[in-house]
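Peer 1:
Residue numbers (our numbering): 39 to 233.
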């Protein structure tokens, strides 16, 4: 931290400097500015050239790619991309893979659905988790479903049941919203719901 005397000295030096001439907003930029812009190696790289570069050649810390279908932007740190895909991977290929894994229109998945498939009904029951905890998407009432007593084929994936399970309370009111799956459980926590 400068002393008060040094602060006065710095202020006096700043006051002695001639003020730079103010330029109008529509005035042309100086030639030095354009020279520095054109000498910058990034000036030659277009978006297409950036996509063709290897991950190890990219100097940015965060890489971004936007999906034109779902308007989603995916970001990944360069270090993570190198660790996952290797330094010799082409950014275009990595970006395509990231978009393919996250875009709702490409995958047909929505945010609520799991990325990895859930176990089948048979696997859940045999694994010691015969109860499925659900919540009504409309009234938020939680309930449990006995997977062993369901009439669906045992090879049905648990996450596929979300569109088939309904809330009794909402069904009586003439509505049939889909259930939100919460978790598999080894014992019931709420009143039983019929499938």
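Using N, Cα and C, we set each Cβ at its ideal position, and we do this for glycine too. All of these numbers come straight from a predicted model, not from anything done at the bench.
Provide the residue span of the alpha helix (DSSP H) that contains residue 122, from first to last.
Peer 2: Here residue 122 corresponds to residue number 84 of the chain shown, with the count starting at 1. That run of the alpha helix (DSSP H) goes 116-123.
Peer 1: Using the C-alpha atoms, what's the distance from residue 165 back to residue 176?
Peer 2: The residue labelled residue 176 in the question sits at position 138 within the chain shown. The residue labelled residue 165 in the question sits at position 127 within the chain shown. Those two C-alpha atoms are separated by around 31 Å.
Peer 1: Please report the residue range of the beta strand (DSSP E) in which residue 183 lies.
Peer 2: Position 145 of the chain shown, counted from the first residue, corresponds to residue 183. That run of the beta strand (DSSP E) goes 180-184.
Peer 1: Does residue 135 come out as helix, strand or coil in the three-state DSSP assignment?
Peer 2: Indexing the chain shown from 1 puts residue 135 at position 97. Three-state result, residue 135: helix.
Peer 1: State whether the region 210-228 contacts the region 177-196, with contact taken as three or more CB pairs (one from each stretch) at a distance under 8 Å.
Peer 2: The region 210-228 vs the region 177-196: in contact.
Peer 1: Compare the beta carbon distance of residue 24 and residue 220 with 9 Å and say whether it is the shorter of the two.
Peer 2: A query on residue 24 cannot be resolved here, the shown segment of the chain reaching from 39 to 233 and no further.
Peer 1: Would you tell me roughly how many angstroms separate the C-alpha atoms of residue 222 and residue 167, rounded to the nearest one?
Peer 2: On the chain shown, position 184 is the one that residue 222 refers to. On the chain shown, position 129 is the one that residue 167 refers to. Distance between the alpha carbons of residue 222 and residue 167 is about 6 Å.
Peer 1: Whose CA, out of 102, 174 and 192, lies closest to the CA of residue 218?
Peer 2: Within the chain shown, residue 218 is the residue found at index 180, counting from 1. The option with the nearest alpha carbon to residue 218 is 174.
Peer 1: How many whole angstroms separate the CB atoms of residue 119 and residue 132, which I take to be in contact at a CB cut-off of 8 Å?
Peer 2: The residue you call residue 119 lines up with position 81 of the chain shown. The residue you call residue 132 lines up with position 94 of the chain shown. The pair is a contact, with the Cβ atoms about 6 Å apart (cut-off 8 Å).
Peer 1: Does the Cβ-Cβ distance between residue 100 and residue 90 come in under 9 Å?
Peer 2: By one-based count along the chain shown, residue 100 stands at place 62. By one-based count along the chain shown, residue 90 stands at place 52. No.
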